[in-house]
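Note that the numbering used here numbers the sequence shown so that position 553 is 598, with each residue one more than the last.
We put the beta carbon where it would ideally sit given N, CA and C, even for glycine.
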Amino acid sequence: MSSYVLRSGQTLVINENILQEMEKYGSKLVPGGHQAKSAVFVPLMVNHQACGLLVLGDVEREHAFSASDVRLLETLANSMSTALENARLFDEAQHLLKETEQRAAELAIINSVQEGLASKLDVQAIYDLVGDKIRDIFHAQGTAIYLFDHETEILDTPYCYLKKRFEIESRPFSEHPIAKSMVNTLQPITYRTVEEYRALGGAILENSEEYKSGMYVPLMVGKELKGMVGIANLDKENAYNDSDLRLLQTLANSMSVALENARLFDEVQKKNAEITEALERETASNDILRVIAESPTDIQPVLEVIARNAAQLSRLDDAIITLRAGDILRVDAHYGDIPTFPIGEGFPFNRDSVAGRAILEGRPLQAIHNQHGVKSEYPEGDKAARKYGYRMSCAVPLLREGKAIGAISIRRLKPELLTEKQIALIQPFANQAAIAVENVRLFNETTRLLKETEQRAAELAIINSVQAGLSSKLDMQAIYDLVGDKISEIFKAPAVFISTYDLVANRAYYPYYSVERKRISLAPQPPSGAALEIIRTRQPVFLQRDAEKRLVEEYKMPTIPGTPDAESYLLMPMIVGSHVKGGIGVMSTDRQHPLDDSSVHLLQTIASSMSVALENARLFDETQRLFLEAQEARAAAEQANQAKSAFLSSMSHELRTPLNAIINFVEMIARGMIGPVNQEQVELLDQTLQSSRHLLNLINDVLDIS
């Protein structure tokens, strides 16, 4: 019956036979209810459509409702329908108003966030802005922004707040199950209770309360998941509804676009910064190479430009380049306003300074100086920091073939250490400084060797000319004259002399003494002044400046009349074996170009050659003398031989012949050929005969030996 009235929109009145009527309309009695005997069904009509029923029943009697009763019920039903429709419309208007207000509030929130995003192109600033806004909007005790690196499967957390800001280290997706689920589903994740959060595998920060409700929404750029935003409430469960989720998604979508724009801008900025940095490095390198080309032999301007570029390119206050010089670290270049040691001076080279230890260990080191309550590792560095007013120093060693020769040091007025990137920026300048020092050293060494080679060639030509002359001279005085004239010509000296020493007689002789190309004759005299010094030490006496004064004051050397005042003086010993046989002296009056080390080397070589030549000449003289003595001895020997022959001839004739006659005559007497002789006479004659024969044998032996 109700269905009929709702379909037809007509009032139905049943005053009798209600069971038959129920069967007619297909109605059934509700179990446990009372069966009515009369009933009226009046539809509630709204816009010609039945939206409900007004039903009255009487369980006691039939014909309980009259026509007037029916009209009254219809009037009441119509009034009720109008009231219900008005209430529905009012409720719907209220609902729409609330939705409009919520959308307006959401729009205001989104606009405020986007206004902030529009003014930010720094990525971290956007993270901070959005994170703070979300935390304020949702009154969340926990807020986090996560970023996904799909290639490395690493999760970064640039913003994390849990009643205070936290710094979270990067970690793999696998350590954050919710992030892993987000990657797989790309859908929002919500939890309304602690148990639901635990079921998701959510982690809790150390010393933190459990999360009672929260939600995560993805950060999408196109179809790519870039990260997610999460909020948490620590106080109550079911803290967030669908409208909160929708608002968070809207904010996440706005943030995704802003983050992508910021990422692209940041990438462009990084590229521009890299290009600018590369151009600055290239400019700095060109600047350094230009100075190197302009100053191939002088390291000072090269180190100065390196220090300047190192400080400017790394955006730092100050730069110093120190080079190791024995036990000292010498300051060779400085750029900046912080005072330091004067150029050319330095400090002890040891482990007590940052630069010293960096050189010893061959690696960059840095330290904050004079920290209150902190024991210092660098007492020498702290001392300099107090003196010059800086708080931080960083030293990068200058490495050459693995060995540190110095350091480039950066100093800061603030107690802030350098970043790895800043140290990396300084490293190329340290390498350039090491290369520059080595280049200058090699250039100077090559130049020195070239000069030495040229000098040796010149010396060799001079020595060859001297030796060529010496080889043709065996007369002592001729050698003195040849060498003295050559030395005068080579050194262009106003005074040149050659002296010889007779140490037994304590006499110095001057076979050659020339002043202004005029020969001076000096009488033999005892060795004095510098001569005694070279005899004693067998080393040259070399006075490069103020020679005249020093000769008188230090060597007590008498002044020789006619000789000029010497600015520089060189006396080179002539040594034969281990004995000083004389000296070669050169005096110069030129203050601009005094005698130098090359003069010493050249004169030493000439003195050695002359010593050999003079010894050869002496040996030649000695040989000549011995030869003449031998000639004389030979002539005397020939004369003696002739006298000996005459003597022997005379001896043979004058002695042997009479002695033979005597022997023969004594034999005749002893045999009695001349007359009778007694026994006593025979014995005497035999003795005479024996002695005569012995004498004859001696004469014969002498003649045989001769």
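### Task
For Ala297, collect the residues of the same chain with a Cβ closer than 6 Å to its Cβ; drop the 5 residues on either side in sequence, then sort them by chain order.
Indexing the sequence shown from 1 puts residue 297 at position 252. Contacts found: Val262, Leu264 and Val274.
### Message
Closer than 8 Å is the cut-off here; do at least three beta carbon pairs connect the segment 655–668 with the segment 572–582?
### Response
no
### Limits of the beta strand (DSSP E) - the one that Ser258 falls within
In the sequence shown, counting from the first residue as 1, residue 258 sits at position 213. Under the DSSP assignment, Ser258 falls in the beta strand (DSSP E) whose first and last residues are Ser258 to Val266.
### Task
Report the residue from Ile388, Asp332, Phe474 and Arg396 whose alpha carbon sits nearest the alpha carbon of Asp372.
Counting from one through the sequence shown, the residue named residue 372 turns up at place 327. If we check each option's Cα against that of Asp372, Arg396 comes out closest.
### Query
Could you give the C-beta distance for Met619 and Ser573, rounded to a whole number, given that I count them as a contact under 8 Å?
Within the sequence shown, the letter at position 574 stands for residue 619. Within the sequence shown, the letter at position 528 stands for residue 573. Not quite, the Cβ-Cβ distance comes to about 18 Å (not below 8 Å), so this is no contact.
### Task
Specify the secondary structure class of Val302 as computed by DSSP and reduced to three states.
Position 257 of the sequence shown, counting from 1, holds the residue named residue 302. Reduced to three states, the DSSP call for Val302 is helix.
### Message
Please list the terminal residues of the continuous beta strand (DSSP E) segment that includes Gln186.
### Response
Residue mapping note: residue 186 aligns to position 141 of the sequence shown, counting from 1. According to the DSSP assignment, Gln186 belongs to no beta strand (DSSP E), since it is labelled neither H nor E.
### Message
Under 8 Å: do the segment 466–475 and the segment 380–390 share three or more Cβ pairs, one atom per stretch?
### Response
no
### Query
Which of the three DSSP states, helix, strand or coil, is assigned to Asp746?
To locate residue 746, count along the sequence shown from 1; it is residue 701. Asp746 falls in the helix class under three-state DSSP.
### Message
Between which two residues does the alpha helix (DSSP H) holding Phe218 run?
### Response
Taking the first residue of the sequence shown as 1, we reach residue 218 at position 173. Phe218: not part of any alpha helix (DSSP H); DSSP gives it neither H nor E.
### Task
Between the Cα of Thr145 and those of Gly529, Leu348, Ser288 and Ser643, spot the shortest distance and give me the residue it belongs to.
Your numbering for residue 145 matches position 100 in the sequence shown. Checked all of Gly529, Leu348, Ser288 and Ser643; the closest Cα to Thr145 is Ser288.
### Message
Quick check for students: name the residue ranges of the alpha helix (DSSP H) that lie wholly in the segment 376–425, counting only runs of 4 or more.
### Response
With a minimum length of 4 residues, the continuous alpha helix (DSSP H) runs that stay inside the segment 376–425 are 399–406.
### Task
Please work out which residues of its chain come closer than 7 Å, Cβ to Cβ, to Leu192, disregarding the five sequence neighbours upstream and downstream, and give them in chain order.
Taking the sequence shown and counting its residues from 1, the one referred to as residue 192 is at position 147. For Leu192, where only same-chain residues beyond five positions count, the Cβ hits under 7 Å are Asp201, Pro203, Lys271 and Gly272.
#### Entry: Selection from Ile320, Gly447 and Asp377 that minimises the alpha carbon distance to Ile404
For the purposes of this step, residue 404 is identified with residue 359 of the sequence shown, where counting begins at 1. Ranking Ile320, Gly447 and Asp377 by Cα distance to Ile404 puts Gly447 first.
### Query
In angstroms, rounded to a whole number, what distance separates the CA positions of Pro442 and Glu305?
If you number the sequence shown from 1, residue 442 lands on position 397. If you number the sequence shown from 1, residue 305 lands on position 260. For Pro442 and Glu305, the distance between alpha carbons rounds to 42 Å.
### Query
Between Gly720 and Ile714, what straight-line distance do the alpha-carbon atoms span, to the nearest angstrom?
One-based indexing of the sequence shown puts residue 720 at position 675. One-based indexing of the sequence shown puts residue 714 at position 669. Between Gly720 and Ile714, the C-alpha separation is close to 7 Å.
### Message
Which residue marks the beginning of the beta strand (DSSP E) containing Pro442, and which one marks its end?
### Response
For the purposes of this step, residue 442 is taken as residue 397 along the sequence shown, with counting starting at 1. Unbroken beta strand (DSSP E) run through Pro442: Met437 to Arg445.
#### Entry: Best match in Leu444, Glu240 and Ala189 for proximity to Ala224 [C-alpha to C-alpha]
Position 179 of the sequence shown holds residue 224. For the residues Leu444, Glu240 and Ala189, the minimum Cα distance to Ala224 belongs to Ala189.
### Message
Can you give me the C-alpha to C-alpha distance between Pro233 and Arg291, rounded to a whole angstrom?
### Response
If you number the sequence shown from 1, residue 233 lands on position 188. If you number the sequence shown from 1, residue 291 lands on position 246. Rounded to the nearest angstrom, the two C-alpha atoms are 10 Å apart.
### Boundaries of the beta strand (DSSP E) in which Gln94 is found, first to last residue
Along the sequence shown, read from residue 1 onward, the residue named residue 94 stands at position 49. Where Gln94 is concerned, the enclosing beta strand (DSSP E) stretches over Gln94 to Asp103.
### Query
Under 9 Å, do Phe86 and Leu99 count as touching if we go by C-beta distance?
Mapped onto the sequence shown, residue 86 falls at position 41. Mapped onto the sequence shown, residue 99 falls at position 54. Result yes, Cβ atoms of Phe86 and Leu99 sit closer than 9 Å.
### Task
Within the same chain, show all residues whose beta-carbon is closer than 7 Å to that of Ala575, passing over the 5 residues directly before and after it, in chain order.
Numbered from 1 along the sequence shown, position 530 holds the residue referred to as residue 575. If we look at Ala575 and ignore the five residues flanking it on each side, its Cβ neighbours are Val586, Leu596, Tyr600, Met602 and Leu616.
### Query
Going by alpha carbons, who is nearest to Arg40 out of Glu196, Ser644, Glu198 and Lys281?
As displayed, the chain neither begins before 46 nor continues past 751, which places residue 40 out of reach and without an answer.
### Task
Put Asp610 into one of helix, strand or coil per three-state DSSP.
Residue numbering aside, residue 610 sits at position 565 when the sequence shown is read from its first letter. The DSSP-derived three-state label of Asp610 is coil.
### Task
Just mark Gln186 as buried or exposed, buried being the case when its beta carbon has 16 or more other beta carbons within 10 Å.
Here residue 186 corresponds to residue number 141 of the sequence shown, with the count starting at 1. Classification of Gln186: buried, given that the 10 Å Cβ count is 16 or more.
### Query
For Glu137, is the beta carbon positioned less than 8 Å from some heavy atom of the ligand SAM?
By its list of ligands, the structure shown contains no ligand whatsoever, and the ligand SAM lies outside what it can speak to.
### Message
Need the endpoints of the beta strand (DSSP E) that Thr582 sits in, please.
### Response
Numbered from 1 along the sequence shown, position 537 holds the residue referred to as residue 582. Per DSSP, Thr582 lies in no beta strand (DSSP E); the unbroken alpha helix (DSSP H) holding it starts and ends at Ala575 to Thr582.
### Query
Looking at Ala469 and Ile351, is the spacing between their C-beta atoms short of 9 Å?
Translated into positions along the sequence shown, residue 351 becomes position 306. Translated into positions along the sequence shown, residue 469 becomes position 424. No, the pair does not count as a contact, with Cβ atoms beyond the cut-off.
### Task
Tell me whether His79 sits in a helix, a strand or coil according to DSSP, three-state version.
Position 34 of the sequence shown, counting from 1, holds the residue named residue 79. Of the three classes helix, strand and coil, the one that applies to His79 here is coil, per DSSP.
### Query
Does any C-beta atom of chain D lie closer than 9 Å to the C-beta of Tyr49?
Judged by its chain identifiers, the structure shown contains no chain D, having just a single protein chain.
### Message
Considering Cα atoms alone, identify which of Gln649, Ser559 and Asp642 is closest to Pro609.
### Response
Start at 1 with the first residue of the sequence shown, and residue 609 comes out as number 564. Minimum Cα distance to Pro609 is reached at Ser559.
### Message
Is the beta carbon of Lys459 closer than 9 Å to that of Leu436?
### Response
By 1-based counting over the sequence shown, the position of residue 436 is 391. By 1-based counting over the sequence shown, the position of residue 459 is 414. Here residue 436 is Arg; the residue named in the question, Leu, does not match the sequence. For Arg436 and Lys459, yes; Cβs fall inside 9 Å.
### Alpha carbon of Ile276 to alpha carbon of His221, nearest angstrom
The sequence position of residue 276 within the sequence shown is 231, counting from 1. The sequence position of residue 221 within the sequence shown is 176, counting from 1. Going by the C-alpha atoms only, they are around 15 Å apart.
### Message
Please classify Ile59 as buried or exposed, where buried requires at least 16 other C-beta atoms within 10 Å of its C-beta.
### Response
Here residue 59 is taken as the residue at index 14 of the sequence shown, counted from 1. Ile59 comes out buried.
#### Entry: Limits of the alpha helix (DSSP H) - the one that Tyr70 falls within
Taking the sequence shown and counting its residues from 1, one reaches residue 70 at position 25. Counted as a single uninterrupted DSSP element, the alpha helix (DSSP H) harbouring Tyr70 occupies residues Ile63 to Tyr70.
### Task
Report yes if the CB atom of Glu198 is closer than 9 Å to the CB atom of Ser226, and no otherwise.
Counting from one through the sequence shown, the residue named residue 198 turns up at place 153. Counting from one through the sequence shown, the residue named residue 226 turns up at place 181. Not a contact, by the Cβ cut-off of 9 Å.
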